[in-house]
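Visitor: Start counting the sequence shown at 216; every next residue gets the next number (our numbering). Don't be surprised by glycine CBs; every beta carbon is placed ideally from N, CA and C. The structure presented is a predicted model; accordingly, all values stated were derived computationally and were not measured.
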Amino acid sequence: MTSSDPQPKLLRNGQFLRLWSVGWMTGTMMWLEMLVVALLALELTDSPFLVSVTFFLRFLPMIFGFGIGVIAEQLNRKYLMIGGLVVQATTSAALVALIISDKLEYWHLALGSFFIGAVMASEFPVRRTMIGEVVSRMNVGRAVSLEQTTNSLFRIIGPFVGGVFLATIGAQGGFLLGVVLYSIGVLIAISMKYNRPTSTEALAGPKIQITEGIQYIRKSQVMIGTLGVTLVLNVFGFSYLSQQPVVAKQVLQVSDVLIGILQSVEGAGAFFGAALIAIFAKPRHYTRIYMWGSLLFMVAIVLFSQSTTYWITLIILFFGGAGMSGFATMQSAIMIYVSSPQMRGRVL
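Right under this line is the structure:
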């Protein structure tokens, strides 16, 4: 056996493969929905501010991620994941019906964004934590990098498909695809043979778990630094995603298909970055990749805000996507790697 063996072993892990496959479904729809919802909201309201509100509502439940982590500690994460997929499928089906019946209003999009965002908020304390439980500690970085690589691949496909749907059969096509993919995700999740990790310690109440989680994080400079960078990027960085389609439509003045291609190129950069991480990254590289990736992402956002040429914007977003992959991959990989199995759900 050589040192290159961990990756084949990872790909023979049936439980990881199922979790990874569910990530294919949710990852594809995440980026498709963000484009479709943004352009629908702009069409309904002609207000960039109200477009940003749909993104705010989508990411608002992230504030309660710590509480979701505590709930996940008490329940079986498999069933939480299945429940979330059912909510997403139902929300997509409702939006399809409203669009086809020509009864869609802005508040429907806002409410749907919140419901889907609530499920997204469970991604780290539920599915990502399960990945840390079903693979060995030394394979965590590769597992998360491999998943991020796949997510980046579907980030290329998702916006492009969304743009094509908008330009041809309409937004209902994107949400109908969501019904199909989320339903497949439910079936895959049901097939998992997952048992909660056993612990000799009795679980404390939610308030005590939150307090213990905060105290645990405060003891680790690595975790404090990681969460600090995460906070900065979530507040000042990812808000630009809500205005990306607006800028493309109103400043660059391009079609829905070209807007989809714009976001797909960013996904291509993320795929390139995540692939390099999956192949070459070792645990000792995690923090450096995280910091440099985050910095590259922020620089790309500044350059994007100043660009008025479509082709230059494509290049900027490619490198921005590469930086984002360093942030997104290492964010969870670092927290999983440095935390104990008992604390991962609360930490994530």
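#1: What's the C-alpha gap between A386 and S367?
#2: Quick one: Cα of T524 to Cα of L467, how far?
#3: Let's see if you can read the secondary structure: which residues bound the alpha helix (DSSP H) around S479?
#4: Just the C-alpha distance for Q459 and L491, rounded to the nearest angstrom, thanks.
#5: Cα separation between M539 and I439?
#6: Using only alpha-carbon positions, find the residue among S307, L259, G378 that is nearest to E320.
#7: Are there 16 or more other CB atoms within 10 angstroms of the CB of K464, so buried, or fewer, so exposed?
#8: Looking at I276: is its Cβ nearer than 9 Å to the Cβ of A325?
#9: What is the DSSP secondary structure of F453, counted as helix, strand or coil?
#10: Where does the unbroken alpha helix (DSSP H) through T445 begin, and where does it stop?
#11: Closest by CA to A404, which one among L300, M244, L225?
#12: Could you check if S351 is buried or exposed, using at least 16 other CB atoms within 10 Å of its CB as the buried criterion?
#13: Taking contact to mean at least 3 C-beta pairs separated by less than 8 Å, is the segment 238-254 in contact with the segment 389-398?
#14: What did DSSP end up calling Q468 once you bin it into helix, strand or coil?
#15: Are the CB atoms of G377 and W246 within a distance shorter than 9 Å?
#16: Does the Cβ of I494 have 16 or more other Cβ atoms within 10 Å, making it buried, or fewer, making it exposed?
#17: Any chance the segment 302-310 sits against the segment 264-276, with 3 or more Cβ pairs inside 8 Å?
#18: Could you check the C-alpha separation between M296 and M244 for me, to the nearest Å?
#19: Pick out whichever of L225, V251, G298, S454 has its Cα sitting closest to the Cα of F264.
#20: According to DSSP, is G238 helix, strand or coil?
#21: Write down every uninterrupted run of the alpha helix (DSSP H) in the segment 273-305 whose length is 4 residues or greater and which is fully enclosed by it, in chain order.
#22: Less than 9 Å between the C-beta atoms of I504 and A515, yes or no?
#23: Give the secondary structure of S367 by DSSP, where H, G and I count as helix, E and B as strand, and everything else as coil.
#24: What residue range does the alpha helix (DSSP H) around V553 cover?
#25: With a CB to CB cut of under 7 Å and the five nearest residues on each side skipped, what residues in its chain are close to A485?
#26: Could you check where the alpha helix (DSSP H) with G385 kicks off and where it finishes?
#27: Tell me the DSSP secondary structure of M345 in three-state form.
#28: Could you confirm whether any beta carbon from chain B is found closer than 9 Å to the beta carbon of A548?
#29: For a test of the three-state rule: what should DSSP assign to G229, helix, strand or coil?
#30: So, are the CB atoms of G482 and G389 less than 9 Å apart?
#31: Please report how far the alpha carbon of A358 lies from the alpha carbon of L225, in whole angstroms.
#32: Between which residues of its own chain and L477 is the CB-CB distance below 7 Å, once the five residues before and five after are set aside?
#33: Is L319 helix, strand or coil by DSSP?
#34: For T426, does the count of other Cβ atoms within 10 angstroms reach 16, so buried, or fall short, so exposed?
#35: By a C-beta neighbour count over all protein chains shown, 10 Å radius and 16 as the cutoff for buried, is L446 buried or exposed?
#36: So, L456 versus M249, is the Cβ gap smaller than 9 Å?
Guide: On the basis of the data shown:
#1: For this step, residue 386 is matched to residue 171 along the sequence shown. For this step, residue 367 is matched to residue 152 along the sequence shown. Here the alpha carbon of A386 sits roughly 22 Å from the alpha carbon of S367.
#2: Along the sequence shown, one-based indexing puts residue 524 at 309. Along the sequence shown, one-based indexing puts residue 467 at 252. Near 6 Å, if we compare the C-alpha coordinates of L467 and T524.
#3: For the purposes of this step, residue 479 is taken as the residue at position 264 of the sequence shown. Its alpha helix (DSSP H) spans residues 471-495.
#4: Indexing the sequence shown from 1 puts residue 459 at position 244. Indexing the sequence shown from 1 puts residue 491 at position 276. Computed Cα separation, rounded: 26 Å.
#5: Locating residue 539 in the sequence shown gives position 324, where the first residue counts as 1. Locating residue 439 in the sequence shown gives position 224, where the first residue counts as 1. Whole-angstrom Cα-Cα distance: 20 Å.
#6: In the sequence shown, counting from the first residue as 1, residue 320 sits at position 105. Closest by alpha carbon: L259.
#7: Here residue 464 refers to the residue found at position 249 when the sequence shown is read from its first residue. By the neighbour-count criterion, in which a residue is buried when 16 or more other Cβ atoms sit within 10 angstroms of its Cβ, K464 is buried.
#8: Along the sequence shown, read from residue 1 onward, the residue named residue 276 stands at position 61. Along the sequence shown, read from residue 1 onward, the residue named residue 325 stands at position 110. Residue identity differs from the one stated: residue 276 is Pro in this sequence, not Ile. No.
#9: Locating residue 453 in the sequence shown gives position 238, counting from the first residue. Coil.
#10: Within the sequence shown, residue 445 is the residue found at index 230, counting from 1. Per DSSP, the continuous alpha helix (DSSP H) segment holding T445 begins and ends at 436-447.
#11: Indexing the sequence shown from 1 puts residue 404 at position 189. Across the set L300, M244, L225, the C-alpha of L300 shows the shortest separation from the C-alpha of A404.
#12: In the sequence shown, the residue the question calls residue 351 occupies position 136. With fewer than 16 Cβ atoms within 10 Å of its Cβ, S351 is classed as exposed.
#13: Pairwise C-beta distances place the segment 238-254 in contact with the segment 389-398, as three or more of them are shorter than 8 Å.
#14: Sequence index remark: in the sequence shown, residue 468 carries index 253 (1-based). The three-state secondary structure of Q468, taken from DSSP, is coil.
#15: By one-based count along the sequence shown, residue 246 stands at place 31. By one-based count along the sequence shown, residue 377 stands at place 162. The beta carbons of W246 and G377 sit closer together than 9 Å.
#16: As a working note, residue 494 is residue 279 in the sequence shown. So I494 ends up on the exposed side.
#17: No, the segment 302-310 does not touch the segment 264-276.
#18: Taking the first residue of the sequence shown as 1, we reach residue 296 at position 81. Taking the first residue of the sequence shown as 1, we reach residue 244 at position 29. Their backbone Cα atoms lie some 16 Å apart in a straight line.
#19: Looking up residue 264 in the sequence shown gives position 49. Looking at the Cα atoms, S454 is the closest of the given residues.
#20: Position 23 of the sequence shown, counted from the start, is the residue given in the question as residue 238. Note: G238 maps to helix in three-state DSSP.
#21: List check, alpha helix (DSSP H) in window: 280-289.
#22: For the purposes of this step, residue 504 is taken as the residue at position 289 of the sequence shown. For the purposes of this step, residue 515 is taken as the residue at position 300 of the sequence shown. No, they are not a contact pair.
#23: As a first step, residue 367 is located in the sequence shown; it is residue number 152 there, counting from the start. S367 falls in the helix class under three-state DSSP.
#24: Translated into the one-based positions of the sequence shown, residue 553 becomes position 338. Residues 525-553.
#25: As a working note, residue 485 is residue 270 in the sequence shown. Listed in chain order, the non-local C-beta contacts of A485 below 7 Å within the same chain comprise S367, R370, G536, A537, M539, S540, local neighbours out to five positions each way being set aside.
#26: The sequence position of residue 385 within the sequence shown is 170, counting from 1. Judged by DSSP secondary structure, G385 falls outside any alpha helix (DSSP H); it is assigned neither H nor E.
#27: The residue given as residue 345 occupies position 130 in the sequence shown. Here M345 sits in helix by DSSP.
#28: Within the model displayed, chain B is absent; a lone protein chain is all it includes.
#29: Position 14 of the sequence shown, counting from 1, holds the residue named residue 229. Looking at G229 - three-state DSSP - the assignment turns out to be helix.
#30: Indexing the sequence shown from 1 puts residue 482 at position 267. Indexing the sequence shown from 1 puts residue 389 at position 174. Contact: no.
#31: Taking the sequence shown and counting its residues from 1, the one referred to as residue 358 is at position 143. Taking the sequence shown and counting its residues from 1, the one referred to as residue 225 is at position 10. Computed Cα separation, rounded: 7 Å.
#32: Reading the sequence shown from its first residue, position 262 is the one you call residue 477. Around L477: A463, T528, L529, L532.
#33: Locating residue 319 in the sequence shown gives position 104, where the first residue counts as 1. Here DSSP, grouped into helix, strand and coil, assigns L319 to coil.
#34: On the sequence shown, residue 426 is found 211 positions in, with the first residue counted as 1. By the neighbour-count rule (16 or more Cβ atoms within 10 Å), T426 is not buried but exposed.
#35: Mapped onto the sequence shown, residue 446 falls at position 231. Exposed, since its Cβ has fewer than 16 Cβ neighbours within 10 Å.
#36: One-based indexing of the sequence shown puts residue 456 at position 241. One-based indexing of the sequence shown puts residue 249 at position 34. Note that the C-beta distance between L456 and M249 is below 9 Å.
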